[in-house]
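Okay, so here's the structure we're looking at.
Residue numbers (the UniProt record's numbering), protein chains in the order written: chain X, 1 to 310; chain Y, 1 to 412.
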């Protein structure tokens, strides 16, 4: 009525328009290309013969293409000094999957409780969990390790015994550590999501005869699938790519050490045979790429879903 | 089915805000009770307390002779329809309807039968396999109703279920709600801020204000015998006209004087309300419904007249609303202020026409509803007939209707 021409109302709208313009897109493409270049070079190198890699740069591939799969064969199935990544690859999966499932499951339950159950001290608890994100994980490494190896002793009383897991159970340390480190962010993300669900939905379910368990399972969970998946992707990528936690809680044992630990070792001891490192890096990149591309749809939706109502 | 009784029910929020103050209300078995009032009057809180979604601070609430103060909602055997419908977005219409029954472990064939029945009743059969997102507003509203119906509960609780629909659909749904209640005969408590909905749907209507019950009665009685200024102004559209008038004795009867107008008080009114005699020689608040005016040339009743100049005329086809000013200061009573604030808050209401008249300033704005064949034009003088038997008299200080049985009883 007052003004026929719609003007950019908010700063956010103006920024969005400028970013999606032609110049903005061109800049984004250039950045993306620059960013991908080293990875691309690595990919090319991993297919080049050892002698080529050691004498020329990867771009010479375009003038003198020589392709081999020898590096991959060495690194996956070769002798132990060549990498033997296959078993570490499996370790990585055994570490990453449970660590992801635990975090998503526990965070969803905790976020529901913090958002929709009334109990004294709830807000303080949530604030505390939020604050935990500020604490760097490195600070917790030594105390956690000592709890695992010596148990928890408070004032001379043994509260928790030492964990002395053997064999396959040795993964437990890494799972627990990753779960603990992943929870604060997970709870925070899902809490934002769950608390944005309309209150009347919960009230309708309560009047319909549902308790907290049923509400969580049959009303909340189906509605937060995008958020669960995107948290899952985050957590999975984080655990898969993690070196520090794995090195400390599983590093000493080839039976449980993941890919990243092995790759770091190879970089250290086989620096002169880096043709295998190129292939190793790609073995470890394959899974994150698969996860990302297959679930990318959820990923984008999950990132937006909290902020956009609808 | 059951009756619902609220006895001295209070709701005090932490921080001391009293949302509901000593509410006493008895809703008979099978009755359609409407709670109405301006926003923030506590009507929704009262409903949510009946549902069990809000704790009761004090007093007792019973449904079907059983005190349910401490029962969770699921054990109260009630069904609720929410303002925004609160449908489960990930379930189909069918699943939405069946959800409550499934949780109650109703046998499958029974669930199917009830869902089918409710869907037929509400015309939802073609949509059973759809999800709520693929439904229009009116359809979603019907699913919400259906979810309540399939439960076959002791009572329906409805929290402004029609307020999210557009005007035309609202009128339609209002009619089907009426029909539905006729057919099912389930005790219903219905919350709305729309007094037209309240009047058309309710067997009885409870008017609330600031958490306190003002009056409970049939729509007709509320309209004809409001207990105080607030109820008088809230019920009726266009709203009742108020002016401060001097009441003087006059031989057998009495007369009312305000600005340059004089209206007689019929002898029968004085007989009906002897309390009016106490106000002789004092000022009272006079209330005249717009519908008790008419163009004097075509009026059936002609017990009093007012010569006025029409400022605005609104021709509605079935009637003409004549808006004019009376040279008397606008009513200064807290009830009037509350009503004005409410009218200003509800942009979508068609009543409260004169409230914003720019030329009114320190004059009272009146609305008269006259015969559509009247030749009245803006700026033209008109003689209005007033049905003086229908005048309303209020105490200037307390705002209570003078001689109203409820007020007389309270005094005695």
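Glycine is no exception: its CB is placed at the ideal position from the N, C-alpha and C atoms. What you are looking at is a predicted structure, and each value in this text was computed from that prediction instead of being measured.
| Asked | Found |
| --- | --- |
| Hey, how far is the Cα of residue 172 (chain X) from the Cα of residue 165 (chain X)? | 8 angstroms |
| CA-CA distance, residue 15 (chain X) and residue 27 (chain X)? | 15 angstroms |
| Under the criterion of a Cβ to heavy atom distance below 7 angstroms, does residue 273 (chain X) qualify as lining the ligand GTP? | The ligand content of the structure shown is nil, which means the ligand GTP is not present either. |
| Looking at the strands, I want to know which residues DSSP matches up with residue 392 (chain Y). | Y:287 |
| Report the residue ranges of all alpha helix (DSSP H) runs contained in full by the stretch 194-262 of chain Y; include only those spanning at least 4 residues, in chain order. | 195-201, 219-224 and 229-234 |
| Relative to the C-alpha of residue 255 (chain X), which candidate in X:69, X:92, X:123 and X:210 has its C-alpha closest? | X:92 |
| So the candidates are X:291, X:284, X:298 and X:294; which of them puts its Cα closest to the Cα of residue 46 (chain X)? | X:284 |
| Check each residue of the stretch 111-131 of chain Y: if its Cβ is closer than 7 angstroms to any Cβ of chain X, include it; give the result in chain order. | none |
| Just tell me which of Y:179, Y:221 and Y:209 has its CA closest to the CA of residue 201 (chain Y). | Y:179 |
| Should the stretch 229-248 of chain Y be called in touch with the stretch 39-50 of chain Y, which here means at least 3 C-beta pairs below 8 angstroms? | no |
| Excluding the 5 residues preceding and the 5 following residue 126 (chain X) in the sequence, name in chain order all residues of the same chain whose CB lies nearer than 6 angstroms to its CB. | 114 |
| Who are the near neighbours of residue 132 (chain X) in its chain, counting only those whose CB is closer than 7 angstroms to its CB and skipping five residues on each side? | 184 |
| Using beta carbons (cut-off 8 angstroms, strictly below), is residue 74 (chain Y) in contact with chain X? | yes |
| According to DSSP, which residues form a beta bridge with residue 190 (chain Y)? | Y:34 and Y:158 |
| Alpha carbon to alpha carbon, how far is residue 281 (chain X) from residue 260 (chain X)? Give it in angstroms, no decimals. | 9 angstroms |
| I need the straight-line Cα distance from residue 53 (chain Y) to residue 297 (chain X), nearest angstrom please. | 38 angstroms |
| Measuring alpha carbon to alpha carbon, tell me which of Y:91, Y:241, Y:114 and Y:22 ends up nearest residue 293 (chain Y). | Y:241 |
| Taking CB distances under 8 angstroms as the criterion, tell me whether residue 78 (chain Y) reaches chain X. | yes |
| Quick one: what's got a C-beta closer than 6 angstroms to residue 417 (chain Y)'s C-beta in the same chain, skipping five residues either side? | Residue numbering for chain Y in the displayed model covers 1 to 412; residue 417 (chain Y) lies beyond these limits and cannot be assessed. |
| Taking Cβ-Cβ distances shorter than 7 angstroms, what residues in chain X pair up with residue 90 (chain Y)? | 222 and 223 |
| Enumerate in chain order the residues of its own chain whose CB-to-CB distance from residue 23 (chain Y) is below 7 angstroms, with the five nearest sequence positions on each side excluded. | 6, 9, 46 and 213 |
| Taking C-beta pairs closer than 8 angstroms, name the residues in chain X that residue 84 (chain Y) reaches, listed in chain order. | 198 and 200 |
| In whole angstroms, what separates the C-alpha of residue 484 (chain Y) from that of residue 91 (chain Y)? | One cannot answer for residue 484 (chain Y) here, as it falls past the ends of chain Y, which runs 1 to 412. |
| So residue 24 (chain X) is in the alpha helix (DSSP H); what residue range does that whole segment cover? | 22-46 |
| Excluding sequence positions up to five away, which residues of its chain have a Cβ less than 6 angstroms from the Cβ of residue 278 (chain X)? | 42, 45 and 46 |
| Note the first and the last residue of the continuous alpha helix (DSSP H) segment covering residue 324 (chain Y). | From DSSP, residue 324 (chain Y) is part of no alpha helix (DSSP H) but of the beta strand (DSSP E) over 320-326. |
| Return the CA-CA distance between residue 174 (chain X) and residue 202 (chain X), expressed in angstroms with no decimal places. | 37 angstroms |
| Under DSSP, the beta strand (DSSP E) around residue 383 (chain Y) begins and ends at which residues? | 381-386 |
| Between residue 155 (chain Y) and residue 188 (chain Y), is the Cβ-Cβ spacing less than 8 angstroms? | yes |
| Given a cut-off of 8 angstroms, decide if residue 295 (chain X) and residue 220 (chain X) are closer than it, judged by their beta-carbon atoms. | no |
| With a cut-off of 8 angstroms on the beta carbons, I'd call residue 111 (chain X) and residue 190 (chain X) a contact; round off their distance for me. | 4 angstroms |
| Where does residue 130 (chain Y) sit, in a helix, a strand or coil, going by DSSP? | coil |
| Run through chain Y and tell me which residues come within less than 7 angstroms of residue 209 (chain X), C-beta to C-beta. | 74, 100, 103 and 104 |
| In its own chain, which residues sit with a C-beta less than 6 angstroms from the C-beta of residue 192 (chain Y), not counting the 5 before and 5 after it? | 36, 160 and 198 |
| Under a Cβ-count criterion, where at least 16 other Cβ atoms within 10 Å of its own Cβ denotes burial, should residue 364 (chain Y) be classed as buried or exposed? | buried |
| In whole angstroms, give me the CA-to-CA distance for residue 421 (chain Y) and residue 167 (chain Y). | Examination of residue 421 (chain Y) is not possible in this model, given that chain Y is present from 1 through 412 alone. |
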